[in-house]
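Below is one structure, written out as C-alpha cells; comments come after it.
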Amino acid sequence: MKIAISGKGGAGKSTVAANILHCLKRDNVPTFAVDADPDANLGLVLGLNPEKLAALPPLSDLQEVILEKHAGGGAFVDLNPSVDDILEEYVLPFGSIRFLKMGGIKQGGTACYCKESAFLNAVLTNVLLDRPEAVVLDMSAGIEHLTRGTARGIKTMLVVVEPTRAAVTTALAVDRLASDLALPKVLFVGNKIRTEADRSYLCTSLPEERILAMLPFSEEVLEQARQSDYPMENRECLVPGIKEIYEQIGGGDGKVKMT
Ligand SMILES: Nc1ncnc2c1ncn2[C@@H]1O[C@H](COP(=O)(O)OP(=O)(O)OP(=O)(O)O)[C@@H](O)[C@H]1O
Ligand SMILES: [Mg+2]
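Read in order, the letters of the sequence shown correspond to residues 32 to 290 in the working numbering.
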C-alpha cells in the first residue's frame, strides 16, 4: 500500500492518515508514515510523544547530511544515493511504523534549494519506488514534494473534502495537479458529514464515481484533538468508516499489498 493524502487545510488529511496508519499498525505492517505537509502535524495526530516529535529534525533541515551526500558526486537525482541510513536515524518508531518529517522545500533562490529538494526527492524515490514497506504520505494541497518520477510510486491518492465550497474548490485543484503528475488513481473522501445535505452537496460537486467514502462528523474525534497527550496511543481506529476505506485501498487481514 503506497498512498498519498491531500486536501484543503483543516479538511482532515492528518486525521484520515493517522487512522489508516493505526489500521496498518494493528495489522503489524511495516510502514513509513511521512509527514510531507510543511505545516507538519501528523505526528501529534498519530499520538507520538510531543517531546520526541519536537526533537526530530525535518529532513530538509539536515544541512550537513545534505551537503555530505551531495559532495559524493554531484547529482543525487541521477545517482540515486543511498538514503537507507537516513531512514534508520531520522525516524520515530511507533510499532511497525517509522515516522519521518520531510520539512518544507524553501523557495527557489536560496543557495541550498536544489540540493535540498534533490535530497528530499531521493528519500521519496527510495520509500515509494525502491522499498517494500507500505507508505502513507500526509501532504499539503500543493502536493509540491511530488514529481512525475515519485508519483509513479503512489498507487492511490486520497483527497479529503469537507462539505464546503472552499474545500471542494481545493479538492478539484488537487485533482488537476495529480492529473498533471499522471497519478493513476485519485479518489475523494468526504469528511465531517453531518447531514444528508452535506452528502448530496459533495455528490453533486465532485466526480461521483470517484468518491470512495463519506466519513461522519465525530464528536469523539474532535474531543481527541483537544487532548494534549498521546491522543490515539493504544486505541483502535476512531473515525467510523475508516476500516472500509482501509480495506478498499488494499489493507486488512494481513493481505496488505506492499506495492
Ligand atoms: N470526522 C471528523 N469529525 C470531527 N472532527 C474532525 C473529523 N476529521 C477531522 N476533524 C477535526 O478537524 C480538525 C482538522 O483535522 P486535521 O488536522 O486532520 O486536518 P488537516 O487537513 O490535516 O489540517 P492541516 O491542513 O492543518 O494539516 C482537527 O481538529 C480534527 O480533529
Ligand atoms: Mg494535517
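Don't be surprised by glycine CBs; every beta carbon is placed ideally from N, CA and C.
| Spatial neighbours of E251 in its chain, beta-carbon cut-off 7 Å, leaving aside the 5 residues before and after | Same-chain partners within the cutoff: L269.
| query | At a cut-off of 7 Å, is T156 close to ligand 1 when judged by its beta-carbon and the heavy atoms of the ligand? | reply | no
| query | Could you give the residue range of the beta strand (DSSP E) that holds P247? | reply | 242 to 247
| request: Whole angstroms is fine: what's the gap from P238's alpha carbon to L151's? | output: P238 and L151: Cα-Cα distance of roughly 32 Å.
| Given N157, which residues of its chain have a CB within under 6 Å of its CB, disregarding the five upstream and five downstream residues? | Excluding positions up to five away in sequence, the list reads V114.
| Ordered along the chain, which non-local residues of its own chain (more than five positions away) have a Cβ less than 7 Å from that of F107? | Unreliable placement is indicated for F107, whose pLDDT of 49 sits below 50; the coordinate value is still reported in the next sentence. Once the five neighbours on either side are set aside, the close Cβ partners of F107 are K100, H101, A149, F150, A153.
| task | On a CA-only basis, which of L52, F63, K39 is nearest E164? Give me that one, please. | result | Distances from the alpha-carbon of E164 to those of L52, F63, K39 put F63 closest.
| How would you write the range of the beta strand (DSSP E) that L131 sits in, first residue to last? | 128 to 132
| message | Does the distance between the C-beta of N72 and the nearest non-hydrogen atom of ligand 1 fall short of 7 Å? | response | Checking the Cβ of N72 against ligand 1 gives yes.
| query | Looking at M170 and D70, is the spacing between their C-beta atoms short of 8 Å? | reply | It is not a contact, given that the beta carbons lie outside the stated cut-off.
| request: Would you list the one or two residues that DSSP bridges to V217? | output: Paired residue(s): M188.
| Regarding G135 and ligand 1, is the C-beta to nearest heavy atom distance less than 7 Å? | no
| message | Excluding the 5 residues flanking L246 on each side, which residues of the same chain have their C-beta closer than 6 Å to its C-beta? | response | N222, V270, G272
| query | Can you tell me whether S231 is buried or exposed, with buried defined as 16 or more other CB within 10 angstroms of its CB? | reply | It counts as exposed.
| request: Report yes if the CB atom of V192 is closer than 8 Å to the CB atom of K44, and no otherwise. | output: no
| query | Helix or strand or just coil, what does DSSP make of G38? | reply | Strand, per DSSP.
| field | Reduced DSSP category for C268 - H, G, I as helix; E, B as strand; rest coil | value | The predicted position of C268 is uncertain, since its pLDDT is 49 and thus under 50; a value taken from the coordinates is nonetheless stated next. If DSSP states are grouped into helix, strand and coil, C268 belongs with coil.
| query | L218 to R241, Cα distance in whole Å? | reply | 5 Å
| message | Quick check on the DSSP output: the beta strand (DSSP E) that includes V199 runs from which residue to which? | response | No beta strand (DSSP E) contains V199, which is instead part of the alpha helix (DSSP H) from 196 to 211.
| task | Measure the alpha-carbon distance for H176 versus E227 and round it to whole angstroms. | result | 36 Å
| task | Count the other C-beta atoms from every protein chain shown that fall within 10 angstroms of the C-beta of P194, then say buried if there are 16 or more, exposed otherwise. | result | buried
| task | Please state whether DSSP places L168 in a helix, a strand or coil. | result | For L168, the three-state secondary structure derived from DSSP is strand.
| request: Inspect the beta-carbon positions of V220 and V65 and report whether they are closer than 8 Å. | output: Result no, Cβ atoms of V220 and V65 do not sit closer than 8 Å.
| request: Give the DSSP-derived three-state secondary structure of P81 in the structure shown. | output: helix
| query | So is the beta-carbon of K100 under 7 Å away from any non-hydrogen atom of ligand 2? | reply | no
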